[in-house]
Amino acid sequence: MPVTSRTGWLWLTAFVGIGIAVGDVATGAATSLIGLLLVCPLLASTQHGWRVTAAVSGAATLLAVAIGTVEHALGQGDTQVRLLTLVVAGVYGTWCAHRSTSLQQQLEKVAVAAQRAIIQPTDFCIGGLEVSARYHSAAAQAHIGGDLYAFANTPMGLRLLIGDVRGKGLPPVHLSAAAIGHFRDAAYTMPDLLDVVRELETRLAGDLGAEDFITVVVAEVDPHHVRLVNCGHHAPLHLPATGAPALLTPPVPTTPIGLAPAPTVQEIPLAAGDRLLFYTDGLAEARDRTGSMPDLQVIGQLCTEARLDGALDTVLTALDHHTRHSATGDDIALILLQPAHDHARRAPHPREVRAFGADGATRRAAGTG
Numbered sequence: 000m001p002v003t004s005r006t007g008w009l010w011l012t013a014f015v016g017i018g019i020a021v022g023d024v025a026t027g028a029a030t031s032l033i034g035l036l037l038v039c040p041l042l043a044s045t046q047h048g049w050r051v052t053a054a055v056s057g058a059a060t061l062l063a064v065a066i067g068t069v070e071h072a073l074g075q076g077d078t079q080v081r082l083l084t085l086v087v088a089g090v091y092g093t094w095c096a097h098r099s100t101s102l103q104q105q106l107e108k109v110a111v112a113a114q115r116a117i118i119q120p121t122d123f124c125i126g127g128l129e130v131s132a133r134y135h136s137a138a139a140q141a142h143i144g145g146d147l148y149a150f151a152n153t154p155m156g157l158r159l160l161i162g163d164v165r166g167k168g169l170p171p172v173h174l175s176a177a178a179i180g181h182f183r184d185a186a187y188t189m190p191d192l193l194d195v196v197r198e199l200e201t202r203l204a205g206d207l208g209a210e211d212f213i214t215v216v217v218a219e220v221d222p223h224h225v226r227l228v229n230c231g232h233h234a235p236l237h238l239p240a241t242g243a244p245a246l247l248t249p250p251v252p253t254t255p256i257g258l259a260p261a262p263t264v265q266e267i268p269l270a271a272g273d274r275l276l277f278y279t280d281g282l283a284e285a286r287d288r289t290g291s292m293p294d295l296q297v298i299g300q301l302c303t304e305a306r307l308d309g310a311l312d313t314v315l316t317a318l319d320h321h322t323r324h325s326a327t328g329d330d331i332a333l334i335l336l337q338p339a340h341d342h343a344r345r346a347p348h349p350r351e352v353r354a355f356g357a358d359g360a361t362r363r364a365a366g367t368g
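Read the sequence shown against numbering that gives the first Met the number 0 and you will find it ends at 368, with the numbers running on by one and no gaps.
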């Protein structure tokens with residue numbers, strides 16, 4: 000079974016060290032295996048920072064000294080050479096771990112800057128539509144993620160993409176940028192929405208690894224209709240001016256991009272006062288400390304402020320309160336749109352809707368008036 004976690008690598012390192020020690024004692028003083036303990040700090044340095052690597056190096060050195068003491072071999076020249084080699088290997092492994100961590104931090108800073116440049120908050124009015132979009136980290140401990148969105152104003156209407164690349168860290172940032180670029184190319188050149196998705200799948204085939212995929216919703220919107228293609232993503236939320244919010248779940252679900260989807264098109268009429276909320280799993284799967292996730296019906300209530308940007312800010316504030324004491328966090332991409340010049344909605348006082356409880360009911364946050 001492959002070792003896929005840092006904890007697993009640490010256990011592997013411990014087992015290797017114990018195995019070498021047992022083997023050395025079992026073979027007696029005639030055969031010394033303590034030099035092999037240098038494998039331990041080198042293994043640790045491949046997956047851990049310099050502190051853990053230094054601790055492993057120290058433990059390996061102490062273990063070697065203990066073995067030498069048991070075998071009465073510490074005074075022998077070859078044992079001292081092996082101990083010195085082990086110390087040097089530990090120092091080298093610690094230096095490598097520190098260098099790798101520093102490089103990783105620098106790359107992540109560059110990736111964050113690139114991600115913010117690619118996916119910027121935006122508010123605009125075009126083609127008879129008002130649009131607001133936000134990208135937000137749901138918690139201080141959130142990692143670089145693969146959430147993405149993009150827009151293209153085409154003769155067929157405003158086309159948009161929202162999606163989530165599997166995984167965290169640097170690779171999803173690369174895939175996000177590739178997906179956005181391929182979407183924009185296809186959105187302007189493909190008259191049919193299904194062809195846009197098929198072209199996206201074809202072009203991303205060279206970028207996606209064997210286990211990579213991207214959940215996406217591709218939409219084509221005008222003031223009276225929205226056409227959707229959903230490939231394994233969370234269903235958008237339709238917020239009618241009158242009536243309850245409804246998820247636009249595809250009648251025939253399909254797989255994400257990268258897993259050979261068979262997409263179909265949904266068409267939904269838009270009336271005056273209607274809104275559409277597109278989102279990623281940072282919203283749909285946000286958990287509080289009890290493990291409860293937000294009710295999308297309640298989120299729909301938070302989207303009723305007159306200004307779209309104010310509505311999204313209210314949703315993000317509620318999510319911050321919801322996940323404040325949670326051990327998990329994820330990035331969030333949100334798009335809220337409506338037909339332009341629409342004032343049919345009544346806006347609740349923005350300080351009255353700040354959070355939602357585990358039961359899904361809206362409530363005031365502590366400290367609000």
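We put the CB at the ideal spot given by N, CA and C, even for glycine.
Item to complete: May I ask you to report which of helix, strand or coil DSSP gives residue 339?
Response: Within the sequence shown, numbered from 1, the residue matching residue 339 stands at position 340. Looking at residue 339 - three-state DSSP - the assignment turns out to be coil, as it is neither helix nor strand.
Worksheet item: Relative to the alpha-carbon of residue 260, which residue among 275, 272, 212 has its alpha-carbon at the smallest distance?
Response: For the purposes of this step, residue 260 is identified with residue 261 of the sequence shown, where counting begins at 1. The shortest Cα separation from residue 260 among 275, 272, 212 belongs to 212.
Fill in: Nearest residue (CA-CA) to residue 264, options 321, 196, 245
Taking the first residue of the sequence shown as position 1, residue 264 is located at position 265. Put simply, of 321, 196, 245 the residue whose alpha carbon is nearest the alpha carbon of residue 264 is 196.
Fill in: CA nearest to the CA of residue 40, picked from 79, 215, 16
Here residue 40 corresponds to residue number 41 of the sequence shown, with the count starting at 1. Checking every option, the nearest Cα to that of residue 40 belongs to 16.
Discussion item. Distance check for residue 210 and residue 63, CA to CA, integer angstroms please.
Written reply: In the sequence shown, residue 63 corresponds to position 64, counting from 1. In the sequence shown, residue 210 corresponds to position 211, counting from 1. Approximately 41 Å between the Cα atoms of the pair.
Worksheet item: When the distance is taken between beta carbons, is residue 269 closer than 7 Å to residue 228?
Response: The residue given as residue 228 occupies position 229 in the sequence shown. The residue given as residue 269 occupies position 270 in the sequence shown. In this structure, the beta-carbon distance from residue 228 to residue 269 does not fall below 7 Å.
Worksheet item: Taking DSSP as the reference, what is the three-state secondary structure of residue 212?
Response: For the purposes of this step, residue 212 is identified with residue 213 of the sequence shown, where counting begins at 1. Coil, per DSSP.
Worksheet item: Tell me the DSSP bridge mates of residue 131?
Response: For the purposes of this step, residue 131 is taken as the residue at position 132 of the sequence shown. Answer is 122, 335.
Worksheet item: Hey, out of 305, 194, 132, whose CA is closest to residue 147's CA?
Response: If you number the sequence shown from 1, residue 147 lands on position 148. Measuring from the Cα of residue 147, the nearest candidate turns out to be 132.
Worksheet item: Per DSSP, what kind of secondary structure is residue 302 in: helix, strand or coil?
Response: Locating residue 302 in the sequence shown gives position 303, counting from the first residue. Reduced to three states, the DSSP call for residue 302 is coil.
Discussion item. I'd like the span of the alpha helix (DSSP H) that includes residue 265, first residue to last.
Written reply: Residue numbering aside, residue 265 sits at position 266 when the sequence shown is read from its first letter. Taken as a continuous stretch (DSSP letters only), residue 265 belongs to no alpha helix (DSSP H), being part of the beta strand (DSSP E) at 265-268.
Fill in: Stretch pair the stretch 294-310 + the stretch 149-157: three plus CB contacts closer than 8 Å
no
Practice prompt. Please name the residue, chosen from 276, 332, 8, that lies closest to residue 129 on a Cα-to-Cα basis.
Written response: As a working mapping, residue 129 is identified with position 130 in the sequence shown. Nearest option by C-alpha distance: 276.
Discussion item. What does the Cβ neighbour count give for residue 14, buried or exposed, with the cut at 16 atoms within 10 Å?
Written reply: Reading the sequence shown from its first residue, position 15 is the one you call residue 14. By the 10 Å Cβ count, residue 14 comes out exposed.
Discussion item. Quick check on DSSP: helix, strand or coil for residue 221?
Written reply: Stepping through the sequence shown from its first residue, residue 221 is reached at position 222. Three-state result, residue 221: coil.
Worksheet item: Does the beta carbon of residue 288 sit closer than 7 Å to a beta carbon anywhere in chain D?
Response: In the structure shown, chain D cannot be found, because there is only a single protein chain.
Discussion item. Which residue marks the beginning of the alpha helix (DSSP H) containing residue 375, and which one marks its end?
Written reply: Given a span of 0 to 368 for the chain in the structure shown, any question on residue 375 remains unanswerable.
Practice prompt. List the endpoints of the continuous beta strand (DSSP E) containing residue 67.
Written response: Within the sequence shown, numbered from 1, the residue matching residue 67 stands at position 68. Here residue 67 belongs to no beta strand (DSSP E); instead the alpha helix (DSSP H) covers 49-69.
Fill in: For residue 15, the three-state DSSP class (helix, strand or coil)
Taking the first residue of the sequence shown as position 1, residue 15 is located at position 16. Residue 15 falls in the helix class under three-state DSSP.
Item to complete: Could you check the C-alpha separation between residue 163 and residue 181 for me, to the nearest Å?
Response: Here the question's residue 163 lines up with position 164 in the sequence shown. Here the question's residue 181 lines up with position 182 in the sequence shown. C-alpha separation (whole angstroms): 15 Å.
Worksheet item: Roughly how many angstroms lie between the CA atoms of residue 293 and residue 18, to the nearest whole one?
Response: In the sequence shown, counting from the first residue as 1, residue 293 sits at position 294. In the sequence shown, counting from the first residue as 1, residue 18 sits at position 19. When rounded, the distance between both Cα atoms is 49 Å.
Discussion item. Closest to residue 9 by C-alpha separation, out of 67, 59, 73, would be which residue?
Written reply: In the sequence shown, counting from the first residue as 1, residue 9 sits at position 10. Of the listed residues, the one whose Cα sits closest to residue 9 is 59.
Fill in: 6 Å CB neighbourhood of residue 345 in its chain, flanking five on each side removed
Residue mapping note: residue 345 aligns to position 346 of the sequence shown, counting from 1. For residue 345, the predicted model reports a pLDDT of 42, less than 50, meaning its position is unreliable; a value from the coordinates is still stated below. Closer than 6 Å at Cβ, skipping near neighbours: no residue.
Worksheet item: Three-state secondary structure (DSSP) at residue 21?
Response: Counted from its first residue, the sequence shown places residue 21 at position 22. Secondary structure at residue 21: helix, using DSSP grouped into helix, strand and coil.
Worksheet item: Do residue 200 and residue 185 come within 7 Å of each other at the CB atom, strictly closer than that value?
Response: In the sequence shown, residue 185 corresponds to position 186, counting from 1. In the sequence shown, residue 200 corresponds to position 201, counting from 1. The Cβ-Cβ distance between residue 185 and residue 200 does not fall below 7 Å.
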